[in-house]
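S.K.: Numbering (this note's numbering), first residue to last: 1315 to 1473. Beta carbons: idealized from backbone N, C-alpha and C, even for Gly.
Right under this line is the structure:
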């Protein structure tokens, strides 16, 4: 009677291995583990991209709200012209300064939004490249698995 320990060397030479449950496997244990790890990393990556998209969506909504607020302030400044006669000069100056401040804030927010958008686009490009590397590695592993399956089939047919 052959035990897995006795049959290990000839099987290993033929590209067959026993796992920790004494089941016959085509892949070497470390290759199988790396494949599992890659699968988990890919899942984590997809989850992080989903979270990233949610954050970006929230950021865009927030910036849009700020733009609406700035537009409301602009409208308030426009209505100031109709009340010009009733306001004294100090009040007018204060309103103008507030309008200028609001306009400057809007410009600043727009620049920040642009810079953040560029950063996010760079991050997306980087993650796409990483995903492509993972895809190529996965395809290579699938090819190795197919070759090993073919080898096993040929080995079994020769017996």
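Would you please state the rounded distance, in angstroms, between the beta carbons of residue 1462 and residue 1340? I believe it to be under 8 Å.
M.R.: Position 148 of the chain shown, counted from the first residue, corresponds to residue 1462. Position 26 of the chain shown, counted from the first residue, corresponds to residue 1340. With a Cβ gap of about 5 Å, residue 1462 and residue 1340 count as contacting.
S.K.: Give the single residue among 1424, 1333, 1451 whose Cα lies nearest to the Cα of residue 1353.
M.R.: Position 39 of the chain shown, counted from the start, is the residue given in the question as residue 1353. Answer by Cα proximity: 1451.
S.K.: Between the beta-carbon of residue 1387 and the beta-carbon of residue 1429, is there less than 7 Å?
M.R.: Numbered from 1 along the chain shown, position 73 holds the residue referred to as residue 1387. Numbered from 1 along the chain shown, position 115 holds the residue referred to as residue 1429. Cβ atoms of residue 1387 and residue 1429: not closer than 7 Å.
S.K.: For residue 1328 versus residue 1469, is the C-beta distance shorter than 7 Å?
M.R.: Working through the chain shown from its first residue, we reach residue 1328 at position 14. Working through the chain shown from its first residue, we reach residue 1469 at position 155. Yes, the Cβ-Cβ distance between residue 1328 and residue 1469 is below 7 Å.
S.K.: From residue 1355 to residue 1363, what does the alpha carbon distance come to, in whole angstroms?
M.R.: Along the chain shown, read from residue 1 onward, the residue named residue 1355 stands at position 41. Along the chain shown, read from residue 1 onward, the residue named residue 1363 stands at position 49. Cα to Cα, the separation comes out at about 12 Å.
S.K.: Exposed or buried, what is residue 1407 when buried is set at 16 or more other beta-carbons lying within 10 Å of its beta-carbon?
M.R.: As a first step, residue 1407 is located in the chain shown; it is residue number 93 there, counting from the start. Residue 1407 is exposed by the Cβ-count criterion.
S.K.: If contacts are defined as beta-carbon pairs under 8 Å, then residue 1434 and residue 1359 qualify, I think. What distance do you get, rounded to the angstrom?
M.R.: Here the question's residue 1434 lines up with position 120 in the chain shown. Here the question's residue 1359 lines up with position 45 in the chain shown. With a Cβ gap of about 16 Å, residue 1434 and residue 1359 do not count as contacting.
S.K.: Could you check whether residue 1423 and residue 1380 sit closer than 7 Å to each other, using their CB atoms as the reference points?
M.R.: What you label residue 1380 is simply residue 66 of the chain shown in a count that begins at 1. What you label residue 1423 is simply residue 109 of the chain shown in a count that begins at 1. Yes, these two residues count as a Cβ contact at 7 Å.
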